[in-house]
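Participant: Under numbering that gives the first Met the number 0, the first residue of the sequence shown carries the number 0, and numbering increases by one thereafter. All C-beta atoms, glycine included, are put in the ideal place defined by N, C-alpha and C.
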Amino acid sequence: MELDIYGILLVFLFGLRHGLAADHIAVIDGLGMHLSRNGKHRIVPWLGTLFALGHGMVIILFITLTNQGVEALLSGHYAFHWLEWFPVGLLFMIAFLNLRTLLLNKPHVHCCIKLYKGSNKKGNSLTTILIGVSMIMIFDTLSDAAAWGYSAASKGSIFSALVIGAIFTIGMIITDTIDSRLLAKTIQRSFMNEKVLRQRRLLSWVIVIFSLSIGVQKMLSIINPAYELSEMLNLWLGLLLVLSVAISYIKIYRTLPVDISPAK
Numbered sequence: 000m001e002l003d004i005y006g007i008l009l010v011f012l013f014g015l016r017h018g019l020a021a022d023h024i025a026v027i028d029g030l031g032m033h034l035s036r037n038g039k040h041r042i043v044p045w046l047g048t049l050f051a052l053g054h055g056m057v058i059i060l061f062i063t064l065t066n067q068g069v070e071a072l073l074s075g076h077y078a079f080h081w082l083e084w085f086p087v088g089l090l091f092m093i094a095f096l097n098l099r100t101l102l103l104n105k106p107h108v109h110c111c112i113k114l115y116k117g118s119n120k121k122g123n124s125l126t127t128i129l130i131g132v133s134m135i136m137i138f139d140t141l142s143d144a145a146a147w148g149y150s151a152a153s154k155g156s157i158f159s160a161l162v163i164g165a166i167f168t169i170g171m172i173i174t175d176t177i178d179s180r181l182l183a184k185t186i187q188r189s190f191m192n193e194k195v196l197r198q199r200r201l202l203s204w205v206i207v208i209f210s211l212s213i214g215v216q217k218m219l220s221i222i223n224p225a226y227e228l229s230e231m232l233n234l235w236l237g238l239l240l241v242l243s244v245a246i247s248y249i250k251i252y253r254t255l256p257v258d259i260s261p262a263k
């Protein structure tokens, strides 16, 4: 097995960048805001981890299939291309769930996504992993995974290809986990007084607008590839949403009353 250290580093950086993709951040933050309103706060810090894990599992699986010669069959199958619409619907659904809560002006709405029956913690974890799986149904992402797998396997072995997929997934997990933990900190502080609640509502509106915008853009790019965002623009949009969460956290932190009572 021959693995180029510079190639590994490049794939890791690709993973970090892919974790900041606009649709990733929109789904993680939108789902986090929705679950927090339904009292499911514990899972929010780990949404990014679970999402990226589900996403990475499919990448590794697809790399394996590519090296078994299945990629050509999948890419040519008409029904396979229709799966590209699933992430679009997911973005719209998450935007709708958050918009519904904002318009009803209720802090708690019983309208949680249920894909798995069982304990709440296990159900939410599996749901997030499945959402990460569904978000990889963008054909360009699968094509990239296939190309990496083929390239790595042609120079080494199937194990080399799987290592490449795992390294990419690790990079993605890092950035998506940072985003979800930052969001969790923001949500945790936003329950303390009216001013910070307003900051949280503002952040919710940003997430709704962002999710709808990315959903519309994805829909247009499926209809006409000319509307596809460049890699750099996609990265900057993801960074913009992460920055919005960070700014909200800073504002909430500054808004909190300072306890000046003497220590006992």
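Would a C-beta distance cut-off of 8 Å place Ser210 and Gly31 closer than the cut-off?
Facilitator: It is not a contact, given that the beta carbons lie outside the stated cut-off.
Participant: Whose C-beta lies closer than 6 Å to the C-beta of Gly14 among residues of the same chain, with five residues either side of it excluded?
Facilitator: Answer for Gly14: Phe167, Gly170, Met171, listed in chain order.
Participant: Counting along the chain, where does the alpha helix (DSSP H) carrying Arg36 start and finish?
Facilitator: Run containing Arg36: 21-36, per the alpha helix (DSSP H) assignment.
Participant: Extract the residue ranges of the alpha helix (DSSP H) inside the stretch 165-245, only unbroken runs of 4 or more that lie entirely within it.
Facilitator: The stretch 165-245 contains these whole alpha helix (DSSP H) runs: 193-222.
Participant: Could you give the DSSP three-state label for Arg41: helix, strand or coil?
Facilitator: In this structure, Arg41 counts as coil in the three-state DSSP scheme.
Participant: Measuring alpha carbon to alpha carbon, tell me which residue in Val241, Asn223, Ser203, Ala160 is nearest Gly47.
Facilitator: Out of Val241, Asn223, Ser203, Ala160, Val241 has the C-alpha closest to the C-alpha of Gly47.
Participant: Assuming Thr63 and Leu161 make a contact with CB atoms under 8 Å, what is their CB distance in whole Å?
Facilitator: With 8 Å as the limit, Thr63 and Leu161 qualify as a contact, their Cβ atoms being about 7 Å apart.
Participant: May I have the straight-line CA-CA distance separating Ala165 from Ile7, to the nearest angstrom?
Facilitator: In a straight line, the C-alpha of Ala165 is about 10 Å away from that of Ile7.
Participant: Closer than 6 Å by C-beta to Gly237: which residues in its own chain qualify, once you throw out the five before and the five after it? Chain order, please.
Facilitator: These residues qualify, in order along the chain: Leu19, Ala20, Ala21, Ile24.
Participant: Taking the CB atoms as reference points, tell me whether Gly53 and Ile93 lie closer together than 8 Å.
Facilitator: Contact: no.
Participant: Excluding the 5 residues flanking Ile186 on each side, which residues of the same chain have their C-beta closer than 8 Å to its C-beta?
Facilitator: Only Gly31, Met32, Ser35, His40, Val43, Arg199 meet the Cβ criterion.
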